[in-house]
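Data first, discussion second: the structure below is written as structure tokens.
There are 2 protein chains.
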Amino acid sequence: MLVAEIGEEALLKELRNLFAATARSVPVGIGDDAAVVEGAAGLQAVWTTDLFLEGVHFESGWQAPGQLGRKCLAVNLSDIAAMGAEPRYALFSLACPGDTDAGNIIDVARGLNDLAAETGVAVIGGDISESREGLLLSVAAGGLVPAGKAVLRSGARAGDAILVTGYLGNAAGGLTLRRKDIESEYRSLRDAFLSPVPRLAEALLAREAGATAMTDLSDGLASDLRHICVESGMGAEIYHERLPVHPELLEASSEYGWDLDNLVLAGGEDYGLLFTMPAGAADAAALAIEGQTGTSVAVIGEIKAGKAMTVVCEYGRLADLPEHGFDHFLPHG
Amino acid sequence: MLVAEIGEEALLKELRNLFAATARSVPVGIGDDAAVVEGAAGLQAVWTTDLFLEGVHFESGWQAPGQLGRKCLAVNLSDIAAMGAEPRYALFSLACPGDTDAGNIIDVARGLNDLAAETGVAVIGGDISESREGLLLSVAAGGLVPAGKAVLRSGARAGDAILVTGYLGNAAGGLTLRRKDIESEYRSLRDAFLSPVPRLAEALLAREAGATAMTDLSDGLASDLRHICVESGMGAEIYHERLPVHPELLEASSEYGWDLDNLVLAGGEDYGLLFTMPAGAADAAALAIEGQTGTSVAVIGEIKAGKAMTVVCEYGRLADLPEHGFDHFLPHG
């Protein structure tokens, strides 16, 4: 049945029922003018928001509706994790043309709700509207962190080690396959792009291990590391041979003639964590996080005094890190 | 200069600077993965969100960009107020085509920021993206309320008086003028539609005076009162002659042949408050709120046991309240 046949009121009721279970943990969830959540002494709240637009961030044929719903929550939870916080709340808004299949919309919401349920997140509100063209999703997420313990981008110090979780460039590889409409066997690349996993447990462990700065890998290593360097007033050296490259990305790059370095250094949407910590504790922390979560952690470089961001290999300086990852408005290179 | 010429990074920086003053009150505002706000013992947080889409909620020629920014925050603050809470935080996302004038976008943000500054709201985050078509705004707002004191829709009891602030139908009158492209002298109607004022002080006074249920007038009296009645398991009787109709709406309806009752009972977007309270205290509370804020408050009816919602005049039952206000997807009557 089409959204225009069901109507806003009925669709809202459907979604409200869907989200009822996760919202049971808050005093007032969906259905009033606003949601009410508990205040808490000793904790601070952390909030972020992301837009997710058809034709810009995704195309409708690229994934199942449930994957889409899951991803638009996942990228917000990834931001909460990157603060060293635990996600707790989500607001979920969507707009679509009236001739959209209502089942599709409910499947999007169901995917989002599944991830919410798995991560202890309550979907506490949202909005629904007609759009003139395309599906539009807007998610805001809130979390909690012990007061004063949020891990900011600004805390990196000279000599700190630079660490990343997971692999670099896989999502960019998956996006390239989608854009070129290649049906391939490179499942790690496809999944990295369509089904990113927010690194919640890894982020809390990094915070507890003494991470000095942290962000998530949304725009690509070069951009995201630049954010940390600029906010911290520091530079960085990246060890080329330590960058974690997945065997499938290596293979696909060779098969299709991709620029592997560009994917690894500037490819966005991996949604791993990028963090810094005192060098002496880095290897032990990497091992501990790997051991407890199963997620690989690599020490990939060092924070340096100054402003230069360079990539080095065993023979010396290789290149400056590219200035930009993905910019929504600038022409794409 | 066009948004595509400035680029996302520069536009973000511009907006970050613009919002810097309001965000000074929070531990971490715009610029990290997420914002950090203070937790608080004895308080609960209240969150809401609204989409605002060109071609659906507004047309670009209808208002100055600053009015648009102000309105998309105002409607969220109105929801916070309707909970009996004080607004404190806002997240502001926007998407537009690359060929949008960047000055326009900054003016939208400036309008939003002005209202934020006037109301003590910190703009703590947001997102910015390209859109394929039209301007898209998404705002989430958070506020604080003493624990357990939020005024829900579900608290109305039989015998409670029903009160509204301000006038009914003015915004619908203003919308009708805009849609028909009538340049008129009916300034109260135009302003009600383009520049709604969230009733923040009025809402706190209503809560303190013992409001049992409250919502804001976004969908029109019939719909919004139905929300209170359904959530409270009650019915209602509305006194036709007590409905607050502005002289300009009366005059415009007569001049253009509008259905005045329909505008007053079902016209949306007035963003006044609709609340209930014990009948014995209603007149005094209405006077007190009027005296302290200058906003008129009218007692317009009574909550009744049962489910019927009727409009009565001095000669008896006039009509059932219409079932629907505005529905985004159902055909408009």
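Those sequence lines, one after another, are chains Z and E.
Using the working numbering, read the first sequence as starting at 1 and increasing by one per residue.
Using the working numbering, read the second sequence as starting at 334 and increasing by one per residue.
Each residue gets a CB set at the ideal place from its N, CA and C atoms; glycine is no exception.
Since the model is a prediction, treat every value here as computed from it, not as a measurement.
Per DSSP, the continuous beta strand (DSSP E) segment holding E:T548 begins and ends at A546 to D549. Each of Z:G267, Z:Y239 and Z:A284 was checked against the Cα of Z:G301, and the nearest Cα belongs to Z:Y239. Burial check for E:R486: the Cβ neighbour count within 10 Å reaches 16 or more, so the residue is buried. Contact of E:D594 with chain Z is not assigned, every C-beta pair being separated by 9 Å or more.
For Z:P244, same chain residues with a beta-carbon under 8 Å away, outside a window of 5 residues either side, are V164, G166, Y167, L168, S296, A298 and I300 in chain order. Taking a contact to require three or more Cβ pairs closer than 8 Å, the stretch 75–87 of chain Z and the stretch 477–495 of chain E do not qualify as touching. Not one beta carbon of chain Z lies nearer than 9 Å to the beta carbon of E:M642. Looking from the CA of Z:Q44, the closest CA among Z:V151, Z:L2, Z:I228 and Z:D99 belongs to Z:V151.
Within the stretch 390–409 of chain E, those residues whose Cβ lies closer than 8 Å to any Cβ of chain Z are, in chain order, H390. Counting along the chain, no beta strand (DSSP E) covers E:F391, and no H or E run does either.
By the Cβ test, the stretch 82–100 of chain Z is in contact with the stretch 121–140 of chain Z, since at least three Cβ pairs between them sit closer than 8 Å.
Here E:K637 carries a strand assignment [DSSP, helix/strand/coil]. Assignment of E:A491 by DSSP, reduced to helix, strand and coil, places it in the coil class. Just so you know, the alpha carbons of Z:A40 and E:L651 end up roughly 50 Å apart. E:D383 carries a strand assignment under DSSP once its states are collapsed to helix, strand and coil. Counting the other CB atoms within 10 Å of its CB gives Z:L136 a total of 16 or more, which places it among the buried residues. Proximity of chain E to Z:I80 at the Cβ level (cut-off 8 Å) is accounted for by D366 and A367, in chain order.
A direct Cα-to-Cα measurement between Z:G294 and E:K640 gives close to 57 Å.
The C-alpha of E:A585 is placed about 18 Å away from the C-alpha of E:E602. Under the Cβ distance rule, Z:E38 counts among the residues neighbouring chain E, one pair being separated by less than 9 Å.
Residue state for Z:T176 is assigned as helix, using DSSP reduced to three classes. For Z:T22, no beta strand (DSSP E) encloses it; the enclosing alpha helix (DSSP H) starts and ends at E8 to A23. When the five nearest sequence neighbours on each side are left out, the beta carbons in the same chain lying within less than 7 Å of the beta carbon of E:E623 are those of S629 and V630, in order along the chain.
Among the residues facing chain E, Z:P27 is included, as its CB has a counterpart in that chain under 9 Å away.
Contact annotation: Z:S131 and Z:A95 have beta-carbon atoms nearer than 9 Å.
Beyond the five residues adjoining it in sequence on each side, E:E570 comes within less than 6 Å, by CB distance, of G634, E635, K637, T643 and V645 in the same chain, given in chain order.
E:M567 is positioned such that its CB atom lies no closer than 9 Å to that of E:G476.
Spatial neighbours of E:A418 in its own chain (CB-CB distance under 7 Å, excluding positions within 5 residues in sequence) are listed in chain order as V379, G476, L477, V478 and A483. Residue pairing by DSSP places E:I571 opposite E:G634 and E:V644 in a beta bridge.
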